[in-house]
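Working notes, structure below.
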Amino acid sequence: MTRKLWHFHGGLKLKGHKQISITDSVDNTPIPAQLILPLQQHIGTPTVPIVQVGDKVKKGQVIATTQSMVSTPIHAPTSGIISAIEDHPVPHPSGLLAPCIIIDTDGQDEWFEQRETHSQFHLLEPEELRKLIRDAGIVGLGGAGFPSHIKLQPGQSKQVETLILNGAECEPWISCDALLMQQRPRDIIDGLHIMRHAIHASKCLIGIEDNKPKAIQALQDALTEDEKQHTEIVTIPTIYPTGSEKQLIKVLTGQEIPSDKLPIDIGVICHNVGTAAAIADAVIRGIPLISRYVTVTGTATQQPHNLNALFGTPMNFLLQRCDVQLDKMARLLLGGPMMGFKINNLNTPIIKTTNCLLTLKQEDVDDKQSALPCIRCSECAHVCPAQLLPQQLYWWSKAKDFDKVQDYNVFDCIECGCCAYVCPSHIPLVQYYRAAKTEIWQQERDKQKSDHARQRHEFRQHRTELKKLEDEQRRLKKKALLKKTQDVNTDETKKSAIEEAVSRVQEKKQQQTIEAKNTENLTGAQRKQIDEADARREQLKQDEDPN
Amino acid sequence: MLEALLVLTLLAVIFGLLLGFAAVRFKVEGDPVVDQINALLPQTQCGQCTYPGCRPYAEAIANGEAEINQCPPGGETVIVALADLLGRDAIPLNAENGEAKLEKTVVIIDEQICIGCTLCIQACPVDAILGAAKQMHTVIKDECTGCNLCIPPCPVDCIYIIPLETGLKEWKWPSPDATRTKEDQAS
């Protein structure tokens, strides 16, 4: 059965370089001496450590979490001792430091506790499944790292028709998803059906680019006849960036997602194949997300292959395992050649969203070509998969006219890099858009801050004015009082002042006379007690006063 | 002739009444332009524009008494925004008012030296300094706008300017233009 497929606008046919890292098996990386776990490995609220330095932790134990909905806990990938909670380089384009938990591993790899396993996931309520998925720390493993349980919560009003598994992996050099599909097809399909059960999707599609025949075959073989009723494996043409969510949905369903909408708004939910396998691990076997497949490849790598690495493993450790020629490596990219970013510190850890370490020799690094003026050839507009106008975006970003940049929908740009790739003038277009996006966010934050400062300033002014007014009133009162005392000389005022004082005292006295409470509605016994007490008091008085 | 005169007079009276009514009924309280200008200003209340705060400066701009290039903390961004709002040409920052700040700063009080005189608390336009007489003072970093107004009154010079740290959330991708000029300077 062949399925009708659609095309998205633009895109590129790129050389894959995938085969060199697709080996027959995955390399289970040994436990390094130290694991570095950033407190934020996902989009959303950062987690807070719940362990202290010196604590002993076991494999799968939660070490950091939050109450926030848009967040997932972080688990210890192996057993060991927390040696520090401090700032450390993290995989981020800025190269800045961020708080991390550092575990000195003990090599025992001891599990935390009896794990909760649910082989009969069909019997669980969607809400329970979502909780299991959240507690297992699962985020989108395709690269964005958005907490998966939120994407599995479509809301009351929204009906999910199609659940799409993204196995496109369109960026060159990366092959971790391909290998995962070859190695663990059954887990991916189990995970898919757990998700299907959680959101009540009517049909499932698994989209895989046609340059991964082994992966397609493995999944086809793993699919049972029953499952074929509602699940279909779709081979799609290899065009970069098919692996982007919106583009994949267009190819598979023909539907386009409006600019400010999400796939769920058209009844589609899209997850990565890696996420599906992680969900199967979490629900069926009770294993939280503590490791992932990572591709180590590139021209400076002598033995490119995929590794199953624990989170927190320093990149250096993986590079050594793949015989990377560190002396010849001119650049280490995290991610692929199109969307990846430079990593300067080799001690940066692998986190939940790390898919590929791309090592490049000096001759393969080509950013020394200086940009020439734009010749308005419009090649960039032809290849843009989001149907934007890269040229206009470039002009306005360069001119720092951020209103115009937003008018041209810079936030729909997926930063795929197609425009910069085809630009004959070698203009780093995506760099301009990224700079513009972060600048706009900065301006929004500044605006919020200045509004806040204005409120505080206005309140302060209001307060000082009020105080001034109060002081003035007090001064006037005092003055009036002073005047009164000066006028006391006359008899009449004296008299009236005395009268006033007397009446004040009387008033006070009246207020002070305490009336006995609870003396009404007494029972006979109580009445009797009171009478007796009164009699005693009377007696005492008489005794004291015999004269 | 007379008819025409009558009709015109009547019309004039009707429209006059209508306009008069509208002027009373739809009267706008305050000056909305001042609010719009004030919303664009950075609200540091630093007074570098020679006016005692952002709102007075906004009023001065609206009355045509001040130019739009007198706000150093706002820099180019604010000048462009003001030019856009008021339909004027953007002009470079007036050097007499100070230099544009490239880096965000806040102040910090050296608590070892502070004598607790409360002068800085009185100077702070946004109540960002906490303390009491003869008690140690401290700056609430999140509320500080970096206006530096607290520095001159301090009798023991214990207030310092420090750059505001940028975390991962505040980090910005550098513009290729900026990195290129840096490289050019280096080479």
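As given, the protein sequences belong to chains E and H, one line each in that order. Read in order, the letters of the first sequence correspond to residues 1 to 547 in this note's numbering. Read in order, the letters of the second sequence correspond to residues 548 to 734 in this note's numbering. Positions of the beta carbon are idealized from the N, C-alpha and C atoms, including for glycine.
Within the same chain, Ile81 and Ile82 come within 8 Å of Asp55 (chain E) by CB-CB distance, once the 5 residues on both sides are set aside. With its beta carbon at least 9 Å from every one in chain E, Asn641 (chain H) lies outside the interface. At a cut-off of 9 Å between C-beta atoms, Glu86 (chain E) does not count as an interface residue with respect to chain H.
A straight-line Cα-Cα distance of about 18 Å links Pro213 (chain E) and Thr295 (chain E). Arg456, His457 and Arg460: these are the residues of the region 455-484 of chain E whose beta carbon lies less than 7 Å from some beta carbon of chain H, given in chain order. At least one CB atom of chain E sits nearer than 9 Å to the CB of Pro672 (chain H). Here Gly60 (chain E) is near Ile290 (chain E), since their CB atoms are less than 9 Å apart. In chain H, no part has a C-beta under 7 Å from the C-beta of His42 (chain E); the shortest such distance is about 13 Å.
The shortest C-alpha to C-alpha distance from Ala201 (chain E) to any of E:Ile188, E:Pro314, E:Gln392 and E:Ile264 is the one to E:Ile264.
Using a CB distance below 8 Å, the part of the region 705-723 of chain H facing chain E consists of Thr713, Gly714, Leu715, Glu717, Trp718, Lys719, Trp720, Pro721, Ser722 and Pro723, ordered along the chain. For Asp281 (chain E), the number of other beta carbons within 10 angstroms of its own is at least 16, and it is reported as buried. DSSP, reduced to helix, strand and coil, places His200 (chain E) outside both helices and strands of the structure shown, so it counts as coil.
Glu690 (chain H) reaches chain E at Arg456, counting residues in chain order whose Cβ is nearer than 7 Å. Counting C-beta pairs closer than 8 Å gives fewer than three between the region 125-139 of chain E and the region 202-212 of chain E, which falls short of the contact rule. For Gln431 (chain E), the chain H residues whose Cβ falls inside 9 Å of its Cβ are Trp720, Pro721, Ser722, Pro723 and Thr726, in order along the chain.
Gln182 (chain E) is classed as buried because its beta carbon has at least 16 other beta carbons within 10 Å across all chains shown. Taking a contact to require three or more Cβ pairs closer than 8 Å, the region 451-463 of chain E and the region 672-681 of chain H qualify as touching. The C-alpha of Leu179 (chain E) is placed about 10 Å away from the C-alpha of Lys18 (chain E).
At the C-beta level, Ile164 (chain E) and Ile236 (chain E) stay beyond 9 Å of one another. The C-alpha of Val383 (chain E) lies about 13 Å from the C-alpha of Pro424 (chain E).
Counting only residues of its own chain and dropping the five nearest sequence neighbours on each side, Gly137 (chain E) has a CB closer than 7 Å to the CB of Thr72, Pro73, Ile74, His75, Pro288 and Leu289. Taking a Cβ-Cβ cut-off of 7 Å, Gln617 (chain H) has no neighbours in chain E, whose nearest Cβ is about 17 Å from it. Just measuring C-alpha positions, the residue of H:Cys618, H:Trp720 and H:Glu717 sitting nearest Gly594 (chain H) is H:Cys618. Assignment of His462 (chain E) by DSSP, reduced to helix, strand and coil, places it in the helix class. Runs of beta strand (DSSP E) with 3 or more residues, each lying fully within the region 128-190 of chain E, are found at 162-167, listed in chain order. Assigned with DSSP and collapsed to three states, Lys13 (chain E) falls in coil, not helix or strand. Leaving aside the five residues that flank Leu372 (chain E) on each side, the residues in its chain whose CB is nearer than 7 Å to its CB run, in chain order, Ser425 and His426. For Pro213 (chain E), the enclosing alpha helix (DSSP H) covers residues Pro213 to Ala222. Around the beta-carbon of Met329 (chain E), 16 or more other beta-carbon atoms lie within 10 Å, marking it buried. According to DSSP, Arg292 (chain E) shares a beta bridge with E:Ala309.
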